[in-house]
Amino acid sequence: MAPRLQLEKAAWRWTETVPPEAVAQEHIEAAYRVRLEPCQRGACRRNCRGNPNCLVGIGEHVWLGEIDENSFHNIDDPNYERRKKNAFVGLTNLGATCYVNTFLQMWFLNLELRQALYLCPSTCSEYVAGEGIPKDKDYEPQTICEHLQYLFALLQNSKRRYIDPSGFVKALGLDTGQQQDAQEFSKLFMSLLEDTLSKQKNPDVRNIVQKQFCGEYAYVTVCNQCGRESKLVSKFYELELNIQGHKQLTDCITEFLKEEKLEGDNRYFCETCQSKQNATRKIRLLSLPCTLNLQLMRFVFDRQTGHKKKLNTYIGFSELLDMEPFMEQKNGVYVYELSAVLIHRGVSAYSGHYIAHVKDPQTGEWYKFNDEDIDKMEGKKLQLGIEEDLAEPSKSQTRKPKCGKGTHCSRNAYMLVYRLQTREKSLTIEVPAFLQELVERDNCKFEEWCNEMAEMRKQSVARGKIKHEEVKELYKRLPAEAVKALCKDCVVERCRILRLKNQLNEDYKTVTNLLKITVKGNDGFWVGKASLRSWRQLALEQLNEQDEDTEHSNGKMNGNAQSKDESNEEKKEEEEELNFNEDIVCPHGDLCISENERRVVSKEAWEKLKQYFPKAPEFPNNKECCSQCKILEREGEENEALHKMMASEQKTSLQNLFHDKCRPCLGSWPQETDELYIVSQFFVEEWRKFVRRPTRCSPVSSVGNSALLCPHGGLMFTYASMTKEDSKLIALIWPNEWERIQKLFVVDHVIKITRTQAAGADPESTLYTSEPQLCPECREGLLCQQQRDLREYTQATIYIHKVVDNKKVMKDAAPELNVSSSEAEEEREENKPEGEQDPDFNQTNGGAKRQKVSHQSFISYQKQGIRRSTRHRKVRGEKALLVSANQTLKELKIQIMHAFSVAPFDQNLSIDGKILSDDTATLGSLGVIPESVILLKADEPLADYAAMDDVMQVCMPEEGFKGTGLLGH
């Protein structure tokens with residue numbers, strides 16, 4: 023039995039028979055002996071904190087038992103990297119080169135191609151001279167043929183489980199981090215290989231690509247008028263078959279060869295008729311190669327996105343394909359058998375993974391080539407079911423059709439390879455001596471590496487065993503020395519805690535029943551309702567804390583000791599939390615005045631609760647509430663009444679200020695006066711809040727016009743700016759209304775606009791002057807800072823408004839251009855706690871001395887007093903986007919494409935009448951600022967992207983194999 027459990031049982035026995043104060047020395051000695059019993063292995067689940075002899079839970083299970091040798095090192099078994107018997111060799115994926123690996127494995131298992139490549143003479147000078155390759159020099163292939171030779175030789179006779187094709191990939195100049203079009207790679211590499219081999223003297227080598235992969239078809243055009251037949255013969259290395267709308271491979275071939283009518287604008291010019299005539303055109307297959315490559319056009323161009331997409335539709339195909347019905351000449355042998363299926367796993371054309379299922383021509387067994395891993399199919403059968411299940415599900419998932427014997431169906435196959443059926447025995451390919459020497463040299467390096475890894479493993483195991491014995495010896499010395507006595511006070515306190523824990527559930531039921539009894543007279547006590555709801559949980563937490571403190575009081579124990587800083591922090595956190603019955607204590611330390619938060623409990627219930635919370639505040643039933651709180655409550659009621667009366671008087675006195683429609687406008691100066699006064703819009707909004715909710719908002723006592731002035735006391739706004747962009751920051755006041763404002767509020771600075779116009783003069787010659795006058799220096803600094811802020815924003819909101827049928831956005835469609843933002847601000851302030859004031863509202867008065875300040879310091883000064891309202895009310899056909907100033911227009915167009923389903927090249931964007939056309943320019947340089955509204959005009963309506971089956975992925979413009987060795991020839 024664990025010592026901790028024995029101690030607790032002993033403590034229970036004492037608490038049941040002996041009061042805590044009567045615990046004798048023999049009880050302590052008993053506890054002392056229990057706590058020092060060594061724990062037997064398996065008796066404890068974790069380390070016993072109360073027993074210094076407990077060795078459980080401190081890592082002993084790792085060292086005291088038998089240990090697996092593999093735990094002494096992190097070196098994998100080198101034999102795992104060794105090629106298994108009768109297995110193929112894999113290829114390392116260099117990042118995104120899986121598409122290259124699939125074709126290399128497929129071409130390797132084309133025995134005729136491999137044999138022809140082995141016949142290519144080497145250009146290595148040492149070998150040509152008969153000297154052999156020096157052992158201290160690494161072999162470096164010089165041509166694509168030599169790279170392919172060396173790779174094939176390693177794939178054939180290497181002892182490694184997989185080899186590295188980086189030399190071949192580097193020679194082609196391929197980007198290992200970018201996945202390319204596998205079909206395009208196949209075409210370009212075959213063309214490069216054919217061009218390279220065309221220089222060979224041996225015809226078996228020079229013509230191998232044409233013999234294996236090249237066929238012929240003719241484009242035949244027949245004039246409907248005279249019947250003249252025009253034929254254009256062309257070579258092909260693969261047939262590109264459209265799969266849209268088809269379910270079977272034979273249907274795709276039929277469509278490829280179907281007759282096309284040339285009519286109307288597409289009529290054919292007949293040489294015999296010497297005029298354009300209606301005609302028919304079709305493709306006739308003249309000859310087929312030994313290896314027939316059928317490209318399934320799964321990756322098609324999508325005009326809506328401007329990029330390719332993948333067609334994830336099922337196509338059925340058979341293991342035997344009779345091409346005779348499709349041939350022009352019917353007297354040949356045209357039965358083909360399936361030899362390879364190239365798979366693309368994934369729903370997008372720009373991501374996913376390529377693997378290949380290839381049949382071994384020598385054994386007829388199917389293998390799955392997945393980079394380094396190669397799996398053999400069971401029973402010499404092609405199995406595609408697992409690969410089809412790995413595709414990502416789309417919204418309209420099509421059910422896989424049933425396949426008969428000898429047939430398969432796939433939604434991921436993008437290339438089918440058929441070999442002409444023949445009864446000839448398969449070739450036996452021998453690696454040339456020169457290449458075999460290179461392979462053996464690589465195998466020697468691999469064996470050396472395996473031996474080195476094995477020796478490192480052996481040394482690590484030996485060191486681990488020595489350490490194992492040292493640790494086991496150390497554990498034998500760990501039991502602690504005897505301790506003479508335990509603290510009597512601690513044992514007594516622990517007995518009390520254990521007794522209360524045992525009684526807690528019973529006392530909870532007792533207290534619950536006592537609370538149901540109505541208390542009469544003044545015998546009860548006030549207890550907080552919140553405390554009563556959670557008293558059991560509080561008591562349990564308190565007892566657990568006391569229990570832990572009792573255990574931690576013994577310095578000689580297992581476990582980590584807390585630092586003084588951590589203990590002090592925990593104590594501070596505990597002090598901040600309310601203890602039992604502190605929820606009815608007012609800030610002055612007396613009984614709170616709110617009777618809704620407390621209730622009276624009986625004396626018996628209070629005594630039960632006091633056992634668990636001896637330090638809880640005690641308030642008898644006849645205790646008077648806090649006198650200070652009562653005074654404050656009366657003052658608060660009086661203030662509320664005063665605020666209501668003040669708000670009513672101010673609203674009546676300042677009707678024009680309360681209603682926007684009654685206020686003057688600088689854009690259309692009223693004729694009845696030549697003087698208008700200015701206050702900050704922020705003052706108006708704060709005052710309106712108080713008038714609408716006088717009991718929840720603080721009254722406004724002063725007009726803080728200093729926020730509209732610079733530190734020099736000059737005005738920060740021109741007359742022109744106050745009629746346009748700065749109109750949201752100011753409010754115009756009638757002269758008679760200004761007189762009432764000066765009586766009701768403390769005004770720090772008077773700001774006045776005066777109109778001067780000579781009698782009979784042209785209205786355009788009217789002069790507008792301000793008091794105080796404009797400060798040009800600070801005005802310029804403010805504008806520079808504002809422009810800088812607008813050009814350096816991140817994650818700001820702009821709005822895209824789609825224009826339909828060339829209709830322009832009118833003012834009535836954008837109400838935010840005509841209405842005040844005060845209502846929006848009021849909605850934003852409604853959820854603020856009562857009494858909270860906006861720190862931006864500066865109500866200080868007094869003028870600022872004229873002093874020379876920097877623009878930056880003035881900007882920070884301005885922000886203290888002015889809060890701009892940037893609320894934008896979206897209208898129909900408009901969507902908000904998050905953008906940054908350094909984002910390009912092209913990136914914005916991609917965001918718009920997702921939001922409106924309009925392709926980037928169909929988007930016509932403009933802002934303030936300016937066309938946005940430079941896709942490489944940043945939004946900041948184009949003048950797009952936060953809260954801007956950009957108009958979008960689409961060239962044509964597009965279908966809803968949500969209805970598309972395929973997943974659309976935006977990518978950068980394709981460059982394909984530009985700049986690689988595949989285009990060098």
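The opening position of the sequence shown corresponds to residue 23 in the numbering used here, with each subsequent residue numbered one higher. Beta carbons: idealized from backbone N, C-alpha and C, even for Gly. Please read all numbers here as calculations on a predicted model, not as lab measurements.
Item, Value
"Where S702 falls, given that 16 or more other Cβ within 10 Å makes a residue buried", "buried"
"L170 classed as buried or exposed, judged by whether at least 16 other C-beta atoms fall within 10 angstroms", "buried"
"Beta strand (DSSP E) segments (min. 3 residues) lying fully within the region 527 to 554", "547 to 550"
"Proximity to I185 [Cα-Cα], best of W388, Q232, D464", "D464"
"Where the beta strand (DSSP E) containing V955 begins and where it ends", "955 to 960"
"Three-state secondary structure (DSSP) of Q481", "helix"
"Cβ pair count under 8 Å reaching 3, the region 341 to 356 against the region 924 to 940", "no"
"Beta-carbon gap between R228 and R104 smaller than 8 Å", "no"
"Distance, N566 Cα to A24 Cα", "Caution applies to A24, whose pLDDT of 40 falls short of 50 and renders its modelled position unreliable; the model cannot decide the point."
"Residue(s) in a DSSP beta bridge with W388", "K381"
"Any non-hydrogen atom of the ligand HEM closer than 7 Å to T532 Cβ", "With respect to the ligand HEM, the structure offers nothing, as it holds no ligand at all."
"Nearest-angstrom Cβ-Cβ length linking E285 and R303, presumed shorter than 8 Å", "So it is not a contact: roughly 11 Å between Cβ atoms."
"Whole-angstrom C-beta distance between K774 and K792, which should lie under 8 Å", "With the sequence shown as reference, residue 792 is identified as Ser, and Lys is not the correct amino acid for it. S792 to K774, Cβ: 7 Å. Contact."
"Among S309, H366, E350, Y356, the one whose alpha carbon lies nearest that of Y336", "H366"
"From P636, N96, K403, residue whose alpha carbon lies closest to that of L522", "P636"
"Pick from E786, Q405, G237 that is closest to W388, judged by C-alpha positions", "Q405"
"Status (buried if at least 16 other CB within 10 Å, exposed otherwise) for C274", "buried"
"Nearest neighbour of Y102, chosen from Y790, N678, F468 [CA to CA]", "F468"
"Among R433, N123, E452, the one whose alpha carbon lies nearest that of N179", "E452"
"K390 beta carbon less than 8 Å from that of H375", "no"
"P187 and T114 closer than 8 Å at C-beta", "yes"
"Backbone CA spacing between T819 and V950 [nearest angstrom]", "10 Å"
"Selection from E662, S649, G611, K652 that minimises the alpha carbon distance to A638", "G611"
"Same chain, Cβ closer than 8 Å to G338, neighbours up to 5 away in sequence not counted", "K269, Q270, L271, P423, C425, T429, H430, C431"
"Residues that Q270 bridges to, as DSSP identifies them", "G338"
"Distance between beta carbons of F547 and F680, contact taken as under 8 Å", "The pair is not a contact, with the Cβ atoms about 53 Å apart (cut-off 8 Å)."
"Counterpart residues of P642 in DSSP-defined beta bridges", "F547"
"For I305: DSSP bridge partner residues", "Y241"
"Limits of the beta strand (DSSP E) - the one that M437 falls within", "435 to 442"
"Which residues DSSP lists as bridging M738, in chain order", "Beta-bridge pairing links M738 to no other residue."
"Start and end residues, alpha helix (DSSP H) containing K209", "204 to 219"
"Separation of M319 from K331, as counted between CA atoms", "11 Å"
"Residue burial classification, E168 (beta-carbon count within 10 angstroms, cutoff 16)", "buried"
"Neighbour-count burial assignment, S361, 16 or more Cβ in a 10 Å radius", "buried"
"In DSSP terms, what K824 is bridged to", "L958"
"Top-ranked residue by Cα proximity to Q384, from N527, T119, T145, K402", "K402"
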